[in-house]
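Chemist: Okay, here's the structure, questions in a sec.
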Amino acid sequence: MSEKKLKVIYRPRGPAREYAEYALNPYKGCTHGCIYCYNNGRFGPKGDFFARSRPRDIIEAVEHDCQTLQGEFGIHCPEIHLTFLGDAYQPAELHFELTRKIIKIFIKYDLPFTILTKSPYILRDVDLLGPYKRFRAGFSFTTIDQAEANEWEPGTMPIESRISALRQFARFDKLIWISLEPVMRIESTIRVIHELKTLPDFYWIGALNHSSPPEPINKYHARERIGAALQQHNCQYKFKNSFNFSLG
Ligand code: SF4
């Protein structure tokens with residue numbers, strides 16, 4: 542379908558395309574303030590992206606795009622991913638309820654979608670997301686160590702609350718996927734896997750490419766060790782292209 546038919550739902554490019562054929566970003570800006578955030582500095586001075594969450598005035602456009610996608614693809618519409626530009630459940634969402642409004646539109650048009658978040662606030666919408674069959678819950682983890690999370694993701698809620706939210710979605714028999722991206726420390730990523738085991742249905746693993754991790758990571762060894770941990774628990778997983786390497 543020509544992208545020109547859509548107003549705000551779009552086809553991602555580059556590494557984002559590995560996750561999703563279509564995406565939507567309700568917010569510009571993100572108060573989670575992750576030190577590895579790809580968006581920090583893309584739209585203005587460094588730090589500006591973290592300063593506040595700007596809700597986008599997109600509800601009418603989302604309605605238009607969902608109607609268009611439904612008309613074009615019907616039941617075969619590809620999954621729509623939220624988000625690549627600011628967590629859909631950062632604290633501002635409790636005030637604006639923009640993500641919630643968008644979810645209602647997706648459900649109205651019977652479209653498949655997924656939300657990738659670091660926030661337990663996703664539980665607020667469990668009344669909508671729990672019963673809806675065409676939703677997959679995504680949770681992002683770099684660590685389960687609170688000290689590391691404080692350093693790497695200083696604006697997020699306690700890591701235990703993220704795990705608890707994931708467990709609650711698992712009870713709803715939802716499909717759940719995990720983004721282990723970026724790998725900051727191999728050991729930290731492996732600890733996440735040993736904690737969550739097969740609670741999620743699928744793991745994606747991605748490297749940190751646009752800045753330096755706290756300690757150098759050899760991609761070959763990272764793939765070996767992280768892959769072994771996932772295989773130990775019989776997990777389904779895929780390394781993103783960012784983990785490709787050349788033996789020279
Ligand atoms: S949650 Fe995502 S968008 Fe928000 S600061 Fe962290 S990496 Fe950036």
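Here the working numbering is used: the first residue of the sequence shown is 542, the next is one more, and so on.
The C-beta atom is built at its ideal place from N, Cα and C for all residues, glycine as well.
Using the three-state DSSP reduction, which class does THR640 fall into: helix, strand or coil?
Modeler: It is helical.
Chemist: Do TYR560 and HIS617 have their C-beta atoms closer together than 7 Å?
Modeler: no
Chemist: Going straight from the alpha carbon of PRO695 to that of HIS774, what length do you get?
Modeler: 30 Å
Chemist: Just grab the DSSP bridge partners of GLY679 for me.
Modeler: LEU657, TRP718
Chemist: Helix, strand or coil: which one does DSSP assign to PHE710?
Modeler: helix
Chemist: Relative to the ligand SF4, is the shortest distance from any of its heavy atoms to the C-beta of GLY671 smaller than 6 Å?
Modeler: no
Chemist: Identify, in the order they occur along the chain, each residue of the same chain with its Cβ nearer than 7 Å to the Cβ of ASP606, setting aside the five sequence neighbours on each side.
Modeler: LEU547, LYS548, VAL549, ILE550
Chemist: If you measure from the CB of ASP628, is any heavy atom of the ligand NAD nearer than 6 Å?
Modeler: What this structure holds is the ligand SF4, not the ligand NAD.
Chemist: Is it right to say GLU765 is buried, meaning 16 or more other beta carbons lie within 10 angstroms of its own, or is it exposed?
Modeler: exposed
Chemist: Opposite TRP806 in the DSSP bridges: which residues?
Modeler: A query on residue 806 cannot be resolved here, the shown segment of the chain reaching from 542 to 789 and no further.
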